[in-house]
């Protein structure tokens, strides 16, 4: 047993010379394998972009965002150490006061009782069970002197909203720990109160974000342009919906500044108002009572959009671009978009900034590469309907794993050659013809030459060696498949499309803020517009400034426990961002994804068809 435990004992001191030599040899073999191996590592080498190299020369994006406010230490100056909450069982009061005597009856019969509750706040009384003298009474939570709201109720409602849960989850929580549950009416009132309080906070975080964006752009501008009231910036715009499957009643359009990565504006569109739905049912939509009620309700009605769901992204862009000068003092002259909607065409038709101010468009690399994958899958379906199989199991067919690799090769070709359009095009077709090469018909004339080329054929020629057989390639396309998919490549490698990719940017920032929003408000549960906007405000505050800065801006007084947790979350965020920005992590991620795809394909081929709608 001692031998086994010694094997797993943590090493102490400096490694021995032998261990250092072994580690050095392993590193050398790894470097050698990276050049020689043409298996998954070749695919990974062509998939990993140079984002990691860019991050080495620049400051970590998450760390930069957390430092944009004046001072984190200043934001925590209002910390109160004893201003925290404790969960305590009522029976523990008797044990605590078991040796304390009553002044009147001189008996050890003091106890703490709860006399009435309001949500999660209870009225606590210190009382003698023998003589029934009441020494003092107090509520278990501080109470606002102005509107009489209990702090515990608002904090618990806000906490459950931030983790994406509502009143039903709050009831389950109360049932599990055995505490009085807040009723749904009180929960709704707290939500409405939080919504009113967050409106001023929303304006504050957006104004601070815009001020930082203006400052960063002025630092890069010429001296003559630094005092301009209106500045021209490049933004990334994307829409997201509250429900999957193109059936959502809510849509959100978000504008993110490319230079700083900060959200500077957003718009929520809603096709639903719960109050209107209830009034139509109770009063009748065509009745005079409903008309009178609606006139008073219209200023605060949640329904602010009439139209199709797919046009929400376009309408939100129209609203955001129209108010950009008035609210932000900025013109969004360059927009990075995904091309999934006609947002850009609609903005050109509106002519938002006048005839002499034409908005230009940049393409997101990830979405452009996704078009290739979609086009290849459509080709497989198209030829299958004609009785021709190009996506079967045999070698050289267009399998799902092959489509994934070709998509990554396409993206890598664009990313590595920006802003040269011709080099992009050559690299795209080089990756296609390389995979369709054979010993009898090698097609490597577009592959890069030299000893450092990723192409094994050109690398061998540069070293005056005989190239290896093409049978060792793991990604192969037959001549028949090449002929069928060549039109897709020609369409997605035209000069006009590639010219819009010359910045090499992606919409990863938009996807990140979308992820934070839907973590606060899951898509699986339908919510009101107020609750959705609370989730958006909270997500933008934490996304732009970090957990600690966001917490200190939201609350006037902080307790030490909240500050410690917020600091840990910010440190984890920075550490995660740094680790995921490395080339090694990206290589590992893509390798794992390809390996999983290959394993899944092999299992399906081995098992055969086991599930199909109405097939068994």
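Residue numbers (full-length UniProt numbering): 1 to 616.
All C-beta atoms in this analysis are idealised placements derived from N, C-alpha and C, irrespective of residue type, glycine included.
Span of the alpha helix (DSSP H), counted from its first residue to its last, around residue 249: Position 249 of the chain shown, counted from the start, is the residue given in the question as residue 249. No alpha helix (DSSP H) holds residue 249; DSSP gives it neither H nor E.
Test item: CB-CB of residue 485 and residue 594 under 8 angstroms: As a first step, residue 485 must be located in the chain shown, where it is residue number 485. As a first step, residue 594 must be located in the chain shown, where it is residue number 594. For residue 485 and residue 594, no; Cβs fall outside 8 angstroms.
Anticipated Cβ contact below 8 angstroms, residue 229 with residue 307, distance rounded: Translated into positions along the chain shown, residue 229 becomes position 229. Translated into positions along the chain shown, residue 307 becomes position 307. The pair is not a contact, with the Cβ atoms about 34 angstroms apart (cut-off 8 angstroms).
Between the CA atoms of residue 409 and residue 339 - distance to the nearest angstrom: Counting from one through the chain shown, the residue named residue 339 turns up at place 339. Counting from one through the chain shown, the residue named residue 409 turns up at place 409. In this structure, the straight-line span from the alpha carbon of residue 339 to that of residue 409 is close to 21 angstroms.
Backbone secondary structure at residue 466 - three-state DSSP: As a position in the chain shown, residue 466 is number 466, starting the count at 1. For residue 466, the secondary structure class from DSSP, reduced to helix, strand or coil, is coil.
Buried or exposed by the 16-neighbour rule on C-beta atoms within 10 Å, applied to residue 88: The count along the chain shown starts at 1 and reaches residue 88 at position 88. Classified as exposed, residue 88 has fewer than 16 neighbouring CB atoms from the shown chains inside 10 Å of its CB.
Beta-carbon proximity list for residue 193, same chain, < 8 angstroms, skipping 5 on both sides: Numbered from its first residue, the chain shown carries residue 193 at position 193. Scanning its chain for C-beta atoms nearer than 8 angstroms, with the 5 sequence neighbours on each side dropped, one finds around residue 193 the residues 147, 149 and 154, in chain order.
Span of the alpha helix (DSSP H), counted from its first residue to its last, around residue 220: As a first step, residue 220 is located in the chain shown; it is residue number 220 there, counting from the start. Note, residue 220: alpha helix (DSSP H), 184–220.
Of the residues 523, 235, 600 and 611, the one placed nearest residue 244, counting alpha carbons only: Within the chain shown, numbered from 1, the residue matching residue 244 stands at position 244. Residue 244 has its Cα closest to that of 523, out of 523, 235, 600 and 611.
Terminal residues of the alpha helix (DSSP H) in which residue 313 lies: Against the chain shown, residue 313 aligns to sequence position 313. That run of the alpha helix (DSSP H) goes 312–322.
Residue(s) in a DSSP beta bridge with residue 231: Position 231 of the chain shown holds residue 231. Answer is 330, bridged to residue 231.
Of the residues 565, 561, 64 and 538, the one placed nearest residue 636, counting alpha carbons only: With the chain running from 1 to 616 in the structure shown, residue 636 is simply not present.
Stretch pair the region 351–365 + the region 380–395: three plus CB contacts closer than 8 angstroms: Contact fails: fewer than three Cβ-Cβ distances are below 8 angstroms.
Per-residue burial, residue 8 [other beta carbons within 10 Å of its own, 16 or more giving buried]: As a first step, residue 8 is located in the chain shown; it is residue number 8 there, counting from the start. Caution is warranted here: a pLDDT of 42 is assigned to residue 8, below 50, making its placement in the model unreliable, and the coordinate value is therefore given only provisionally. Per the 10 Å Cβ criterion, exposed.
Residue(s) in a DSSP beta bridge with residue 236: Sequence index remark: in the chain shown, residue 236 carries index 236 (1-based). Paired residue(s): 256 and 336.
Unbroken stretches of the alpha helix (DSSP H), 4 residues or longer, contained in the region 63–139: Fully enclosed alpha helix (DSSP H) runs of no fewer than 4 residues occupy 72–75 and 91–96 of the region 63–139, in order along the chain.
Rounded Cβ spacing between residue 516 and residue 483 (contact assumed at less than 8 angstroms): In the chain shown, the residue the question calls residue 516 occupies position 516. In the chain shown, the residue the question calls residue 483 occupies position 483. Not really, about 45 angstroms apart at Cβ, beyond 8 angstroms.
Residue environment, residue 144, which counts as buried when at least 16 other CB atoms sit within 10 Å: Start at 1 with the first residue of the chain shown, and residue 144 comes out as number 144. Classification of residue 144: exposed, given that the 10 Å Cβ count is below 16.
Per DSSP, cross-strand counterpart(s) of residue 161: In the chain shown, residue 161 corresponds to position 161, counting from 1. None, per the DSSP bridge assignment.
Nearest-angstrom beta carbon gap, residue 373 and residue 322 [assumed within contact, 8 angstroms]: Here residue 322 refers to the residue found at position 322 of the chain shown. Here residue 373 refers to the residue found at position 373 of the chain shown. Between residue 373 and residue 322 the Cβ distance is about 35 angstroms, and since that is not below 8 angstroms, they are no contact.
Simplified DSSP state of residue 513, which is helix, strand or coil: What you label residue 513 is simply residue 513 of the chain shown in a count that begins at 1. DSSP places residue 513 in helix when its eight states are reduced to three.
Beta strand (DSSP E) segment containing residue 361, residue limits: Numbered from 1 along the chain shown, position 361 holds the residue referred to as residue 361. Looking at the DSSP string, the run of the beta strand (DSSP E) that includes residue 361 is 360–363.
Distance between residue 468 and residue 458 (C-alpha atoms, nearest Å): By 1-based counting over the chain shown, the position of residue 458 is 458. By 1-based counting over the chain shown, the position of residue 468 is 468. So the two alpha carbons sit approximately 11 angstroms from each other.
Beta-carbon proximity list for residue 100, same chain, < 8 angstroms, skipping 5 on both sides: Along the chain shown, one-based indexing puts residue 100 at 100. Within its own chain, the residues whose Cβ lies closer than 8 angstroms to the Cβ of residue 100, once the five positions on either side in sequence are excluded, are 108 and 110, listed in chain order.
Residue 344 classed as buried or exposed, judged by whether at least 16 other C-beta atoms fall within 10 angstroms: Position 344 of the chain shown holds residue 344. Flag for residue 344 reads buried.
Contact belief for residue 217 with residue 233 at Cβ below 8 angstroms, rounded distance in angstroms: Position 217 of the chain shown, counting from 1, holds the residue named residue 217. Position 233 of the chain shown, counting from 1, holds the residue named residue 233. Confirmed, Cβ separation roughly 6 angstroms.
Three-state secondary structure assigned by DSSP to residue 149: Translated into positions along the chain shown, residue 149 becomes position 149. Reduced to three states, the DSSP call for residue 149 is coil.
Sequence-distant residues of the same chain with beta carbon closer than 7 angstroms to residue 534, five excluded per side: Within the chain shown, the letter at position 534 stands for residue 534. Closer than 7 angstroms at the Cβ level, and outside the excluded window around residue 534, lie 161, 194, 195 and 198.
Strand pairing of residue 270, partner residues [DSSP]: As a position in the chain shown, residue 270 is number 270, starting the count at 1. In the DSSP output, where bridge partners are listed per residue, residue 270 has 250.
Collapsed DSSP secondary structure at residue 491 in the structure displayed: Walking along the chain shown from the start, residue 491 turns up at place 491. DSSP places residue 491 in helix when its eight states are reduced to three.
Option in 105, 122 and 441 with minimal Cα separation from residue 112: The sequence position of residue 112 within the chain shown is 112, counting from 1. Residue 112 has its Cα closest to that of 122, out of 105, 122 and 441.
Nearest-angstrom beta carbon gap, residue 510 and residue 254 [assumed within contact, 8 angstroms]: Translated into the one-based positions of the chain shown, residue 254 becomes position 254. Translated into the one-based positions of the chain shown, residue 510 becomes position 510. Under the criterion of beta carbons closer than 8 angstroms, residue 254 and residue 510 qualify as touching, at roughly 6 angstroms.
Residue 265 - partner residues in DSSP beta bridges: Locating residue 265 in the chain shown gives position 265, where the first residue counts as 1. When DSSP reads this structure, residue 265 sits in a beta bridge with 255.
Selected residue, minimal CA-CA separation from residue 301, among 310, 279 and 288: Along the chain shown, read from residue 1 onward, the residue named residue 301 stands at position 301. If we check each option's Cα against that of residue 301, 279 comes out closest.
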